[in-house]
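Asker: First the structure, which I've put down as structure tokens, then a few questions once you've had a look.
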Amino acid sequence: MKIAVDLVSPWARILLWAGLPLGIELDPFPPDEDPEGYDLLLRFSPEAFPGDERAHPGRRAIEAYGDLLIQKRLFRALSIPTPPFGRVRGAGEWEAMVTVHGLPAWLRERKTGRSAWVAEREFEPPEGLYLYERAYPYEAELLFLAVRGEEGVRLFPPAVRRGEAWVAPFPLEKALWEGICQRLEHLLAALGHRGGIEVRAGRYQNEVYFLDFAPFPTERSLFAPVFAEAHFRALLGYGLPETEIQGYAGVRPVEDLSRALAYPYAWPFVLERPYVRVWADDETTLLQRLLEVGGGA
Numbered sequence: 018m019k020i021a022v023d024l025v026s027p028w029a030r031i032l033l034w035a036g037l038p039l040g041i042e043l044d045p046f047p048p049d050e051d052p053e054g055y056d057l058l059l060r061f062s063p064e065a066f067p068g069d070e071r072a073h074p075g076r077r078a079i080e081a082y083g084d085l086l087i088q089k090r091l092f093r094a095l096s097i098p099t100p101p102f103g104r105v106r107g108a109g110e111w112e113a114m115v116t117v118h119g120l121p122a123w124l125r126e127r128k129t130g131r132s133a134w135v136a137e138r139e140f141e142p143p144e145g146l147y148l149y150e151r152a153y154p155y156e157a158e159l160l161f162l163a164v165r166g167e168e169g170v171r172l173f174p175p176a177v178r179r180g181e182a183w184v185a186p187f188p189l190e191k192a193l194w195e196g197i198c199q200r201l202e203h204l205l206a207a208l209g210h211r212g213g214i215e216v217r218a219g220r221y222q223n224e225v226y227f228l229d230f231a232p233f234p235t236e237r238s239l240f241a242p243v244f245a246e247a248h249f250r251a252l253l254g255y256g257l258p259e260t261e262i263q264g265y266a267g268v269r270p271v272e273d274l275s276r277a278l279a280y281p282y283a284w285p286f287v288l289e290r291p292y293v294r295v296w297a298d299d300e301t302t303l304l305q306r307l308l309e310v311g312g313g314a
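Every letter in the sequence shown is one number past the one before it in this note's numbering, and letter 288, counting from 1, is 305.
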């Protein structure tokens with residue numbers, strides 16, 4: 018099988034790495050050229066390989082990824098909790114959303130590569146397509162990883178954000194986690210998506226609100242490199258690997274990669290900036306190691 022990957026995205030490197038244990042090589046390919054002769058086209062935006070049936074993620078998943086408003090509407094249609102939201106195309110729509118749902122709130126750029134501002138009071142939004150999202154004071158910012166293959170859906174242990182790092186596993190009550198697993202399965206089915214999905218969420222007042230998702234591995238999931246391999250295996254119809262994390266693992270960006278690699282427990286990933294994966298037997302040691310590789314005391 019000949020596989021091309023959109024070379025424009027830094028996340029292409031994650032899939033290049035994931036293919037190595039499987040003995041599969043990917044060809045980095047310009048997404049605006051004709052990929053004749055390829056069986057599978059891996060992309061990270063709706064603009065890459067548009068209208069090509071060989072492209073993955075498929076149309077529904079990549080279009081939703083490319084517009085945050087579509088994601089929010091999908092959550093709502095599936096009865097998945099998400100903060101109050103609404104379309105913003107100018108000051109009038111922003112003021113209407115603030116009047117109905119209140120402040121503080123995020124003003125998020127809807128498209129991929131989106132920027133965001135949090136507003137404590139009314140302000141004049143810039144020109145463009147934006148989204149109002151109520152800013153709850155989350156007790157934890159979470160990341161859920163799921164992979165859908167021929168044998169069903171496989172879940173990874175949840176992760177939590179600690180400063181610049183993502184750390185796993187993060188304990189959740191059994192009933193709450195079971196409900197989240199059902200929501201992830203419904204989301205994957207609604208998207209018709211085979212492969213991996215990352216879902217960012219926030220916990221607030223005993224509820225978990227889905228915020229946004231990516232239908233492929235990004236730098237956030239590098240604490241579990243097997244997630245990218247599982248994503249690849251699902252695409253090719255292979256069996257999925259085990260998803261448990263031994264001990265504790267985390268990933269964070271670093272400014273000085275050579276300094277970080279002086280530590281024997283640090284594993285590098287260089288994307289648009291360097292990241293380091295760290296492991297430990299317990300969470301306290303892990304957090305200390307993440308601080309060390311980042312240049313902290």
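For each residue, glycine too, the CB sits at the ideal point set by N, CA and C.
Using the rule of at least 16 other Cβ atoms within 10 Å of the residue's Cβ for burial, across every protein chain shown, is Tyr265 buried or exposed?
Answerer: buried
Asker: For Leu148 and Phe46, what's the separation of their Cα atoms in angstroms?
Answerer: 32 angstroms
Asker: Among Arg290, Gly75, Gln305 and Glu110, which one has its Cα closest to the Cα of Leu205?
Answerer: If we check each option's Cα against that of Leu205, Gly75 comes out closest.
Asker: Using a Cβ distance threshold of 8 angstroms, determine whether the region 285–294 contacts the region 243–262, with at least three qualifying pairs required.
Answerer: Contact between the region 285–294 and the region 243–262 is absent, because fewer than three Cβ pairs lie under 8 angstroms.
Asker: Could you give the distance in angstroms between the alpha-carbon of Gly166 and the alpha-carbon of Tyr255?
Answerer: Here the alpha carbon of Gly166 sits roughly 8 angstroms from the alpha carbon of Tyr255.
Asker: Please list the terminal residues of the continuous alpha helix (DSSP H) segment that includes Phe249.
Answerer: Val243 to Leu253
Asker: Note down the Cα distance separating Gly313 from Leu57, rounded to an integer number of angstroms.
Answerer: 43 angstroms
Asker: Quick one: measure Cβ to Cβ for Val327 and Pro143, integer angstroms, because I've assumed they're closer than 8 angstroms.
Answerer: Only positions 18 to 314 of the chain appear in this structure, which leaves residue 327 out of reach.
Asker: Is it buried or exposed, Leu263, if we count other Cβ atoms within 10 angstroms and call 16 or more buried?
Answerer: Looking at the sequence itself, residue 263 is Gln, so the reference to Leu does not match. Looking at its Cβ environment, which holds fewer than 16 other Cβ atoms inside 10 Å, Gln263 is exposed.
Asker: What span of residues does the alpha helix (DSSP H) with Leu304 cover, start to end?
Answerer: Glu300 to Val310
Asker: Please give the ranges of any beta strand (DSSP E) in the region 92–128, keeping only runs that are unbroken, at least 3 residues long and fully inside the region.
Answerer: 102–105 and 122–126
Asker: Give me the residue from Gly145, Glu137 and Val184 with the minimum Cα distance to Leu160.
Answerer: Val184
Asker: Check whether the Cβ atoms of Pro100 and Glu150 sit closer than 7 angstroms, and answer yes or no.
Answerer: For Pro100 and Glu150, yes; Cβs fall inside 7 angstroms.
Asker: Taking 6 angstroms as the line, does the beta carbon of Tyr55 fall inside it for any heavy atom of the ligand GTP?
Answerer: Inclusion of the ligand GTP in the displayed structure is not the case, the ligand content being empty and no account of it being possible.
Asker: Taking the CB atoms as reference points, tell me whether Gly213 and Pro234 lie closer together than 7 angstroms.
Answerer: yes
Asker: What does DSSP give as the partner residue(s) for Tyr149 in the beta ladder?
Answerer: Gly103 and Leu124
Asker: Could you name the residues of the same chain whose beta carbon sits closer than 7 angstroms to that of Ile31, not counting the 5 residues immediately before and after it, in chain order?
Answerer: Pro234 and Ala245
Asker: Between Arg237, Tyr292 and Leu278, which has its C-alpha nearest Arg178's C-alpha?
Answerer: Arg237
Asker: For Ala192, count neighbouring C-beta atoms within 10 Å of its own C-beta (all shown protein chains included) and say buried if the count is 16 or more, exposed if not.
Answerer: Classification of Ala192: exposed, given that the 10 Å Cβ count is below 16.
Asker: With a cut-off of 8 angstroms on the beta carbons, I'd call Arg77 and Leu208 a contact; round off their distance for me.
Answerer: Their Cβ separation, rounded to whole angstroms, is 5 angstroms, which keeps Arg77 and Leu208 in contact under 8 angstroms.
Asker: Looking at the secondary structure, which residues open and close the alpha helix (DSSP H) in which Ile20 lies?
Answerer: First-last for Ile20: Ile20 to Asp23, but that is the beta strand (DSSP E), not the alpha helix (DSSP H).
Asker: Quick one: is Ala176 buried, meaning 16 or more other Cβ sit within 10 Å of its Cβ, or exposed?
Answerer: Classified as buried, Ala176 has 16 or more neighbouring CB atoms from the shown chains inside 10 Å of its CB.
Asker: Pro98 and Glu224: beta carbons closer than 7 angstroms?
Answerer: yes
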